[in-house]
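Enquirer: Residue numbers (our numbering): 21 to 155. Built from N, CA and C at the ideal position, the CB exists for glycine as well. Questions regarding the structure given below will be posed in turn.
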Amino acid sequence: MTVAAWLFVSGGVIMVGIGTFFLFTRPALLPEDLRYLGQTASDIDAAIPPLRRWLRLVFTVLGGYAVATGILTIYLAANEIPDANSSAVAVLAVTGASSLGVMTVVNFLLHSAFRWPLSAAAALWIAACAVSAAS
21 MTVAAWLFVS GGVIMVGIGT FFLFTRPALL PEDLRYLGQT ASDIDAAIPP
71 LRRWLRLVFT VLGGYAVATG ILTIYLAANE IPDANSSAVA VLAVTGASSL
121 GVMTVVNFLL HSAFRWPLSA AAALWIAACA VSAAS
């Protein structure tokens, strides 16, 4: 596989990891969520008792989409990038921007603890696009 393909595969693996986190371990409310809302967890639980259950379902769906995005990214990177398929690179560029890119921007808006690791993952994706374009 080419360097670009390996970079995209790495990005796909990261997306699978993010999705797995959302599927199995992400709490309904993170400290930055509470900070953004300006409420304590107990205030939110008292005001909207079913919110945590509902958020668990929302994050399960989000996690599933992230895992699917990662799997498709890995497949495309392994099978299309080595053949210098420019349409696959374009699809992966849009995929990264609309998934990891949006997630990174929102995490900066929330001043999330995850903003820097997500930025590193986004930088990896950008590097994969740049290496692909240069090849």
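1) Please name the residue in 115, 70, 106, 134 whose C-alpha comes closest to that of residue 17.
2) Express the C-alpha separation of residue 93 and residue 156 in angstroms, rounding to a whole number.
3) Between the C-alpha atoms of residue 62 and residue 131, what's the straight-line distance to the nearest angstrom?
4) Over what stretch of residues does the alpha helix (DSSP H) that includes residue 46 continue unbroken?
5) The alpha helix (DSSP H) with residue 156 in it runs from where to where?
6) Just curious, the alpha helix (DSSP H) that residue 134 is in, first and last residue?
7) Any idea what DSSP makes of residue 64, helix, strand or coil?
8) Of the residues 98, 40, 59, which one's Cα is nearest the Cα of residue 81?
Expert: Here's the rundown:
1) Missing from the structure shown is residue 17; the chain here goes from 21 to 155 and no further.
2) No statement about residue 156 is possible, as the shown extent of the chain runs from 21 to 155 and does not include it.
3) Here the alpha carbons of residue 131 and residue 62 stand approximately 22 Å from one another.
4) It is not in any alpha helix (DSSP H) - residue 46 carries neither H nor E in the DSSP assignment.
5) No statement about residue 156 is possible, as the shown extent of the chain runs from 21 to 155 and does not include it.
6) Segment: none, residue 134 is in no alpha helix (DSSP H) and carries neither H nor E.
7) Correct three-state label for residue 64: helix.
8) Out of 98, 40, 59, the CA that lies nearest to the CA of residue 81 is found in 40.
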